[in-house]
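Peer 1: Got a structure here, written out as structure tokens. Questions coming.
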Amino acid sequence: AQSVTQLDSHVSVSEGTPVLLRCNYSSSYSPSLFWYVQHPNKGLQLLLKYTSAATLVKGINGFEAEFKKSETSFHLTKPSAHMSDAAEYFCVVSDPGNTGKLIFGQGTTLQVKP
Amino acid sequence: GAVVSQHPSWVICKSGTSVKIECRSLDFQATTMFWYRQFPKQSLMLMATSNEGSKATYEQGVEKDKFLINHASLTLSTLTVTSAHPEDSSFYICSARDFETDFLDSPLHFGNGTRLTVT
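If you read the sequences in order, they're chains A and B.
Residues 1 to 114, numbered by my numbering, are exactly what the first sequence covers, in order.
Residues 1001 to 1119, numbered by my numbering, are exactly what the second sequence covers, in order.
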């Protein structure tokens, strides 16, 4: 069965410093992985996706993630945090059965300090 | 891009009443929609998979008689919380995939969610 584990429930960074949000996955076959962001009381916005193409994936708003099969990881990074990046981030794996439902990690709250 | 519209964005109802939440795909067709529930400070939990023209598939532990799902057309799925109680208060989010262009490993398009408060 597919699953993802986000290693940090809360990450705090200063504005202008790098962001690292960690995610490990478990999958019995080649996974499709995503990062979504959720601002308070809002729906979810797709940041980026990995679907077995390039292992380094670039997304919106300067975010990127690297798929490392040997480490079963898909960490999200950004070189320089902005105040507007403060939100909840979810690492997600697709269950490619006949419906393709998404399975969410526990979420990481990113706090950006001025 | 593909847009999923969810209505209402928030609703307050009294205990014992029923509430209907609509999820529409505005510019694409969706044979399958997904309903998630999110408690405060927690992740999204899949409740059920809504299938156009057939019965929904519920996840383990989700009461199908309490959370009625209807997917009557390729652009509309509804979730009805029947005989709501305070413990049903939560954030409900629907999502969908364009069945003409998206593969099963494609990301989902999400609605903006419905905040349900049962008093």
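Just so it is clear, CB atoms sit at the ideal spot from N, CA and C, and this is done for glycine as well.
Computed from a predicted model, the values in this text were never measured in an experiment.
Going by Cα to Cα distance, which pick from A:ASN41, A:TYR89, A:GLY100, A:SER94 is closest to A:LEU7?
Peer 2: A:TYR89
Peer 1: With DSSP run on the structure shown, which of helix, strand or coil describes A:SER52?
Peer 2: coil
Peer 1: Residues of chain B with CB closer than 9 Å to the CB of A:PRO68, please, in chain order.
Peer 2: It is worth fixing the name first, because residue 68 of chain A is Lys in this sequence and not Pro. Those within 9 Å of A:LYS68 in chain B number zero; the least Cβ separation is about 19 Å.
Peer 1: Can you tell me whether A:GLU64 is helix, strand or coil according to DSSP?
Peer 2: strand
Peer 1: From this set, B:PRO1086, B:ASP1098, B:PHE1034, B:GLY1111, which residue's C-alpha is nearest B:GLY1016's C-alpha?
Peer 2: Comparing C-alpha distances from B:GLY1016 to each of B:PRO1086, B:ASP1098, B:PHE1034, B:GLY1111 shows the shortest one belongs to B:PRO1086.
Peer 1: Would A:VAL19 pass as a contact of A:CYS91 if the rule is Cβ separation under 8 Å?
Peer 2: Against a cut-off of 8 Å, the Cβ pair of A:CYS91 and A:VAL19 comes out as no contact.
Peer 1: Buried or exposed: where does A:THR55 fall if 16 or more other Cβ atoms within 10 Å of its Cβ makes it buried?
Peer 2: exposed
Peer 1: Under a three-way DSSP split, which group does B:SER1043 fall into?
Peer 2: DSSP places B:SER1043 outside both helix and strand once states are collapsed to three, so it counts as coil.
Peer 1: Taking C-beta pairs closer than 8 Å, name the residues in chain A that B:THR1101 reaches, listed in chain order.
Peer 2: Per Cβ cutoff of 8 Å: no residues; B:THR1101 is ~13 Å from chain A at best.
Peer 1: For B:SER1022, which of helix, strand or coil comes out of DSSP?
Peer 2: The question names Ser, but residue 1022 of chain B in the sequence shown is Glu. Strand at B:GLU1022.
Peer 1: Please report how far the alpha carbon of B:THR1080 lies from the alpha carbon of B:CYS1013, in whole angstroms.
Peer 2: Each residue's CA atom was taken as its position, placing B:THR1080 and B:CYS1013 some 13 Å apart.
Peer 1: At a CB-CB cut-off below 9 Å, which residues of chain A make contact with B:THR1049?
Peer 2: THR99, LYS101
Peer 1: Here's a check: name, in chain order, each residue in its chain whose Cβ is nearer than 6 Å to the Cβ of B:HIS1007, leaving out the five neighbours to either side.
Peer 2: GLU1022
Peer 1: Considering only the beta carbon of each residue, do A:ALA81 and A:HIS39 sit closer than 8 Å?
Peer 2: no
Peer 1: So is B:THR1101 buried or exposed if we call it buried at 16+ other beta carbons inside 10 Å?
Peer 2: exposed
Peer 1: What three-state label does DSSP hand B:GLU1087 in the structure shown?
Peer 2: The DSSP-derived three-state label of B:GLU1087 is helix.
Peer 1: Measuring only the C-alpha atoms, how far is B:GLN1029 from A:SER14?
Peer 2: 43 Å
Peer 1: Anything in chain A within Cβ reach of B:THR1032, meaning under 7 Å, just list it in chain order.
Peer 2: THR99
Peer 1: Distance, Cα to Cα, B:SER1106 vs A:LYS101?
Peer 2: Answer to the nearest angstrom: the Cα atoms are 10 Å apart.
Peer 1: Using 8 Å as the Cβ pair cut-off and three pairs as the minimum, do the stretch 1026-1042 of chain B and the stretch 1064-1076 of chain B touch?
Peer 2: Contact between the stretch 1026-1042 of chain B and the stretch 1064-1076 of chain B is present, because at least three Cβ pairs lie under 8 Å.
Peer 1: Which residues, in chain order, does the stretch 1063-1092 of chain B contribute to contact with chain A at a C-beta distance below 7 Å?
Peer 2: none
Peer 1: Would you give the residue range spanned by the beta strand (DSSP E) that A:ASP95 belongs to?
Peer 2: 87-95
Peer 1: Cβ closer than 8 Å: which chain B residues qualify as neighbours of A:GLY105?
Peer 2: SER1043
Peer 1: Just the chain B side, please: which residues come within less than 8 Å of A:ASN41 by C-beta, in chain order?
Peer 2: PHE1091, GLY1113, ARG1115
Peer 1: Hey, quick one: how far does the beta strand (DSSP E) through B:ARG1037 stretch, first residue to last?
Peer 2: 1032-1038
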